[in-house]
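Peer 1: Protein chains in written order, with the working numbering: chain A, 325 to 747; chain B, 325 to 747.
If you scroll down you'll find the structure; I have some questions about it.
Protein chains: 2
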Amino acid sequence: MQMDDMILVSIDDHMIEPPDMYKNHVPAKWQDAVPKVVKNANGVDEWHFQGSATSTPFGMAATVGWPREEWGFNPGSYSELRPGCFDVHERVRDMNANGVLAQMNFPTMAGFNARTFTESEDKEIALVMLRGYNDWAIDEWAAAYPGRFIPQGIVPMWDVDRAVEEVHRLGKKGCRSISFPETPHVQGFPSFLSGHWDPVLQAICDENMVLSLHIGAGFEVIRRPQEAPIDHLMVLATQISAITAQDLLFGPTLRRFPALRVALSEGGIGWVPFYLERIDRHFTNQTWLHGGEDFGGKLPSEVFREHFLVCYISDPSGLELRHRIGIDIIAWECDYPHTDTTWPESPEFAWKELQDAGCADEDVHKITWQNACRFFDWDPFAHTPREQATVGALRALATDVDTTRMSRTEWKARNEAAGIGVV
Amino acid sequence: MQMDDMILVSIDDHMIEPPDMYKNHVPAKWQDAVPKVVKNANGVDEWHFQGSATSTPFGMAATVGWPREEWGFNPGSYSELRPGCFDVHERVRDMNANGVLAQMNFPTMAGFNARTFTESEDKEIALVMLRGYNDWAIDEWAAAYPGRFIPQGIVPMWDVDRAVEEVHRLGKKGCRSISFPETPHVQGFPSFLSGHWDPVLQAICDENMVLSLHIGAGFEVIRRPQEAPIDHLMVLATQISAITAQDLLFGPTLRRFPALRVALSEGGIGWVPFYLERIDRHFTNQTWLHGGEDFGGKLPSEVFREHFLVCYISDPSGLELRHRIGIDIIAWECDYPHTDTTWPESPEFAWKELQDAGCADEDVHKITWQNACRFFDWDPFAHTPREQATVGALRALATDVDTTRMSRTEWKARNEAAGIGVV
Numbered sequence: 325m326q327m328d329d330m331i332l333v334s335i336d337d338h339m340i341e342p343p344d345m346y347k348n349h350v351p352a353k354w355q356d357a358v359p360k361v362v363k364n365a366n367g368v369d370e371w372h373f374q375g376s377a378t379s380t381p382f383g384m385a386a387t388v389g390w391p392r393e394e395w396g397f398n399p400g401s402y403s404e405l406r407p408g409c410f411d412v413h414e415r416v417r418d419m420n421a422n423g424v425l426a427q428m429n430f431p432t433m434a435g436f437n438a439r440t441f442t443e444s445e446d447k448e449i450a451l452v453m454l455r456g457y458n459d460w461a462i463d464e465w466a467a468a469y470p471g472r473f474i475p476q477g478i479v480p481m482w483d484v485d486r487a488v489e490e491v492h493r494l495g496k497k498g499c500r501s502i503s504f505p506e507t508p509h510v511q512g513f514p515s516f517l518s519g520h521w522d523p524v525l526q527a528i529c530d531e532n533m534v535l536s537l538h539i540g541a542g543f544e545v546i547r548r549p550q551e552a553p554i555d556h557l558m559v560l561a562t563q564i565s566a567i568t569a570q571d572l573l574f575g576p577t578l579r580r581f582p583a584l585r586v587a588l589s590e591g592g593i594g595w596v597p598f599y600l601e602r603i604d605r606h607f608t609n610q611t612w613l614h615g616g617e618d619f620g621g622k623l624p625s626e627v628f629r630e631h632f633l634v635c636y637i638s639d640p641s642g643l644e645l646r647h648r649i650g651i652d653i654i655a656w657e658c659d660y661p662h663t664d665t666t667w668p669e670s671p672e673f674a675w676k677e678l679q680d681a682g683c684a685d686e687d688v689h690k691i692t693w694q695n696a697c698r699f700f701d702w703d704p705f706a707h708t709p710r711e712q713a714t715v716g717a718l719r720a721l722a723t724d725v726d727t728t729r730m731s732r733t734e735w736k737a738r739n740e741a742a743g744i745g746v747v
Numbered sequence: 325m326q327m328d329d330m331i332l333v334s335i336d337d338h339m340i341e342p343p344d345m346y347k348n349h350v351p352a353k354w355q356d357a358v359p360k361v362v363k364n365a366n367g368v369d370e371w372h373f374q375g376s377a378t379s380t381p382f383g384m385a386a387t388v389g390w391p392r393e394e395w396g397f398n399p400g401s402y403s404e405l406r407p408g409c410f411d412v413h414e415r416v417r418d419m420n421a422n423g424v425l426a427q428m429n430f431p432t433m434a435g436f437n438a439r440t441f442t443e444s445e446d447k448e449i450a451l452v453m454l455r456g457y458n459d460w461a462i463d464e465w466a467a468a469y470p471g472r473f474i475p476q477g478i479v480p481m482w483d484v485d486r487a488v489e490e491v492h493r494l495g496k497k498g499c500r501s502i503s504f505p506e507t508p509h510v511q512g513f514p515s516f517l518s519g520h521w522d523p524v525l526q527a528i529c530d531e532n533m534v535l536s537l538h539i540g541a542g543f544e545v546i547r548r549p550q551e552a553p554i555d556h557l558m559v560l561a562t563q564i565s566a567i568t569a570q571d572l573l574f575g576p577t578l579r580r581f582p583a584l585r586v587a588l589s590e591g592g593i594g595w596v597p598f599y600l601e602r603i604d605r606h607f608t609n610q611t612w613l614h615g616g617e618d619f620g621g622k623l624p625s626e627v628f629r630e631h632f633l634v635c636y637i638s639d640p641s642g643l644e645l646r647h648r649i650g651i652d653i654i655a656w657e658c659d660y661p662h663t664d665t666t667w668p669e670s671p672e673f674a675w676k677e678l679q680d681a682g683c684a685d686e687d688v689h690k691i692t693w694q695n696a697c698r699f700f701d702w703d704p705f706a707h708t709p710r711e712q713a714t715v716g717a718l719r720a721l722a723t724d725v726d727t728t729r730m731s732r733t734e735w736k737a738r739n740e741a742a743g744i745g746v747v
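As structure tokens, this is what we get:
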């Protein structure tokens, strides 16, 4: 097996919703109320919803085309972005150039977990717009290229009954995953342990979907010093995946829902062996706390492996210890268009780490596509024959894609000249 | 090399202060004000200080002699404990039976970080008692058996000037370490990043001592769900060591004090490779945040290895990845008399893990004593010739030590009949 023989399915990437996303997905009577992109006095494109600016989905969320020195939290305009951020046709060309067969996208304007709608005042309108987002993400973005996107949706966090309905509605249209906050209790919601979310989790199981918990949403779970630099957020985000796993595993959730599948999106994998050894030693040592049947006669690590998919972008230690983690629960990610993405050299980057760790071909296939496809119950070859799904075959389609990093100024000049991303 | 050839120096164990600890260490005029052990109506031995019960140092803190089913947070009496918990002569016999040459102890009644004194009202008296604790710990407990204990002290957290004085006073009597809270900002103190503690850290450097940050003190750094079971505290405690390292490494502390040495006591080691890879990738990827000189031209992982000693009781994954951690910064621990201790089979337990990980003899020596002795600048053979310091030699001195676990009731009957631990 060579690098070009790999098949890459990434279950963690992001779309920057385009300004016209609501055109086809909200009834006419609500069109005035849809979130709109407005250019402010400083030339920054802001999303406005229910009377206030809700997000400027640029800066750190869409750095893929820029040199590192230009990264930062400073907002900008659509025209400064690499068009693959918000244009699905360009996205697929960028996927081809990177040898990626398929990806699953998380929202930006809408918030990983529908935050924009949860924080808005009029919840009737918010629900319409949340559904509109889901319809756009699934029926327009993902459906534009069958077989290239694993459809994912969000649910109204403010109303469990409506959330259950939305899960079922999404299930009917082939959605494979719900993006949900990793530690809802730090965002003012009841915790996973409370039982409050059980109807939603039941619906997700009933629809055979995955609960995807992306890092970042739960950052406030760590009380950091007031003087902490921004590095803390970026470095420690993956520590929270272990805390999330603990909430689900030692709370009642996973035992209550034996069919629940949880992806710890962008959580990394190198912490897993240490965590699994610790929980097993804890369980077998602190017998005064646990009857032997607490985990159905299993070790907590076994229950972990039955429920979780752990996901990484770069993780040499985790790959070296892949058999301590479980070779069937590891999935690779691309994270386009965020700062941590390895685009456009993902095949080179992933292949080197896999080879350095001594992965057999079988391990490579499990990690780069088989585990993800099994976990999300998604057939990668339904629309693309296997021989056309490889890194080499996809890259052969994209020899004309220019992957050069360019300054924001240069993107703006080029895009505006071509009428791209102009608000 | 065989198991019996190992030399074991543990830098994380605990003493249960005996009721008469203040007899020789507080001037006569303060004797009425010393913390005292009082048996309450339920037969529980409580420490009383400044008019209130401050701690009952039993239950989970001294389970070493009990069967697992009897562990728990329920307090009890001194007479229920294995005498090695509070009697230094019995402690050394228990160390011999376990093949342990030397150990460093953390306080119980006093709190890992002088909490009992910090929370008391009269700070003049509190300072007298804190110093009395230090004098007892160093001049009485540790001095009773030269070469068997690495002396450690605590400082008055409520007054930086007094803390600096205490560090210097302790330095003069050969103290090697200060026990300090891992995340002071969650306990109402200024953070490490604030600069508030810099005079104390400078004094620790000036006295060539180690800053020992034991897990547990900082648990509130994690906002856990209100329904979280007690398992969370036990399992997640080591996740906080990574957060502590982050505070010190990405805050100004370690760069401001190039000579500062920090032991992450009981923090585990299996999380370290993942953390080091993540901080190096963060540093080299997020160049917009950092000039190349932020870590003096080094990678953050290199600075980590210059300052930290990482410590473990049981850690198969961490040992397998020891060269990714740094073979010179790993130290083994015993944790007597807490629930996680491997006593009295520590040699068997440690040897098996070291051999399973494929450690060469040289690695074994580094991990079991050389790294700790270098880091704490403490000569293990000053009082014990090397050939008498091994597991085999020490165990040969202790063939009469009965290591059987017994119920609390049985300990009470035996101890009270012998007049041991009677309050």
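Every residue, glycine too, gets a C-beta built ideally from N, C-alpha and C.
These figures come from a predicted structure and were not determined experimentally.
In terms of alpha-carbon separation, which member of A:Gly512, A:Arg580, A:Gly591 and A:Ala527 lies closest to A:Asp618?
Peer 2: A:Arg580
Peer 1: Straight-line CA distance for B:Trp498 to B:Ile462?
Peer 2: Per the sequence presented here, residue 498 of chain B reads as Gly, with Trp not at that position. Rounded to the nearest angstrom, the two C-alpha atoms are 8 Å apart.
Peer 1: Please name the residues in the region 588-622 of chain A whose beta-carbon is closer than 7 Å to at least one beta-carbon of chain B, in chain order.
Peer 2: Gly592, Gly594, Trp595, Pro597, Phe598, Glu601, Arg602, Ile603, Arg605, His606, Asn609, Gln610, Thr611, Trp612 and Leu613
Peer 1: Residues of chain B with CB under 7 Å from A:Leu560, in chain order?
Peer 2: Here the neighbours are Ile567 and Gln570.
Peer 1: Tell me the DSSP secondary structure of B:Asp659 in three-state form.
Peer 2: coil
Peer 1: Looking at the C-beta of A:Thr723, does it have a partner C-beta in chain B at a distance below 9 Å?
Peer 2: no
Peer 1: Report yes or no: do the region 548-562 of chain B and the region 508-516 of chain B share at least 3 C-beta pairs separated by less than 8 Å?
Peer 2: Because the criterion of three Cβ pairs below 8 Å is not met, the region 548-562 of chain B and the region 508-516 of chain B do not touch.
Peer 1: Would you mind telling me which residues of chain B sit closer than 7 Å to A:Ser638, beta carbon to beta carbon, in chain order?
Peer 2: Arg605
Peer 1: Between the C-alpha atoms of B:Lys353 and B:Gln476, what's the straight-line distance to the nearest angstrom?
Peer 2: 26 Å
Peer 1: Please classify B:Met325 as buried or exposed, where buried requires at least 16 neighbouring CB atoms within 10 angstroms.
Peer 2: exposed
Peer 1: Exposed or buried, which one is A:Ser376 when buried takes at least 16 other CB atoms within 10 Å?
Peer 2: exposed
Peer 1: Can you tell me whether B:Ile331 is buried or exposed, with buried defined as 16 or more other CB within 10 angstroms of its CB?
Peer 2: buried
Peer 1: Please state the DSSP three-state secondary structure of B:Thr378.
Peer 2: strand
Peer 1: Could you tell me which residues DSSP puts in a beta bridge with B:Leu454?
Peer 2: BP columns for B:Leu454 are empty, so no partner.
Peer 1: Taking C-beta to C-beta, are A:Pro470 and A:His707 nearer than 9 Å?
Peer 2: yes
Peer 1: Is B:Pro343 near the ligand GDP - that is, is its Cβ less than 8 Å away from at least one heavy atom of it?
Peer 2: As for the ligand GDP, it is missing from this structure, which has no ligand bound.
Peer 1: How would you list, in chain order, the residues of chain A whose beta-carbon sits under 9 Å from the beta-carbon of B:Gly396?
Peer 2: Trp612 and Leu613
Peer 1: If I measure Cβ to Cβ from B:Ala541 and keep anything under 6 Å in the same chain, skipping five residues before and after, which residues do I get?
Peer 2: Phe436, Asn437, Pro505 and Glu506
Peer 1: On the DSSP bridge list, what partners appear for A:Gln476?
Peer 2: A:Ser501
Peer 1: By the criterion of Cβ-Cβ separation under 9 Å, what are the contact partners of B:Pro553 in chain A?
Peer 2: Leu517, Phe574, Gly575 and Leu613
Peer 1: How should B:Gln355 be labelled, buried or exposed, when 16 other C-beta atoms within 10 angstroms of its C-beta is the threshold for buried?
Peer 2: exposed
Peer 1: List the residues of chain B that A:Phe642 touches, going by C-beta distances under 7 Å, in chain order.
Peer 2: In the sequence as presented, Phe is not what sits at residue 642 of chain A; that position holds Gly. Going along chain B in sequence order, the residues near A:Gly642 (Cβ under 7 Å) are Phe598.
Peer 1: Kindly identify the DSSP beta-bridge partner or partners of B:Trp371.
Peer 2: B:Trp371 is bridged to B:Val361 and B:Ser379.
Peer 1: Name, please, each residue of chain B whose Cβ falls closer than 9 Å to the Cβ of A:Val545.
Peer 2: Ile546, Arg547 and Arg548
Peer 1: Going by C-alpha to C-alpha distance, which of A:Leu678, A:Leu494, A:Pro704 and A:Leu517 sits closest to A:Thr577?
Peer 2: A:Leu517
Peer 1: To which residues does DSSP link A:Phe632 through a beta bridge?
Peer 2: A:Val586
Peer 1: Look at the alpha carbon of A:Ser670 and the alpha carbon of A:Asn422, and state the distance between them as a whole number of angstroms.
Peer 2: 6 Å
Peer 1: Do A:Val747 and A:Val362 have their C-beta atoms closer together than 9 Å?
Peer 2: yes
Peer 1: Hey, how far is the Cα of A:Asp685 from the Cα of A:Gly650?
Peer 2: Rounded to whole angstroms, the gap between the alpha carbons of A:Asp685 and A:Gly650 is 16 Å.
Peer 1: For A:Arg417 and B:Ile593, what's the separation of their Cα atoms in angstroms?
Peer 2: CA-to-CA, the gap between A:Arg417 and B:Ile593 works out to about 43 Å.
Peer 1: Given a limit of 9 Å on CB to CB distance, which residues of the region 644-669 of chain B reach chain C?
Peer 2: The chain inventory of the structure shown lacks chain C, comprising the protein chains A and B.
Peer 1: Assign A:Leu645 to one of three DSSP states: helix, strand, or coil.
Peer 2: coil
Peer 1: Does any C-beta atom of chain A lie closer than 9 Å to the C-beta of B:Arg765?
Peer 2: Outside the displayed range of chain B (325 to 747) lies residue 765 of chain B, so it cannot be described from this structure.
Peer 1: Pull out every residue of the region 501-515 of chain B whose Cβ sits closer than 7 Å to any Cβ of chain A, in chain order.
Peer 2: Flagged, chain order: His509, Val510 and Ser515.
Peer 1: Which of the three DSSP states, helix, strand or coil, is assigned to B:Val725?
Peer 2: coil
Peer 1: Within the same chain, show all residues whose beta-carbon is closer than 8 Å to that of B:Cys658, passing over the 5 residues directly before and after it, in chain order.
Peer 2: Leu332, Ser334, Asp336, Asp337, Asn422, Val424, Gln427, Ile637, Thr665, Thr666, Trp667 and Ser670
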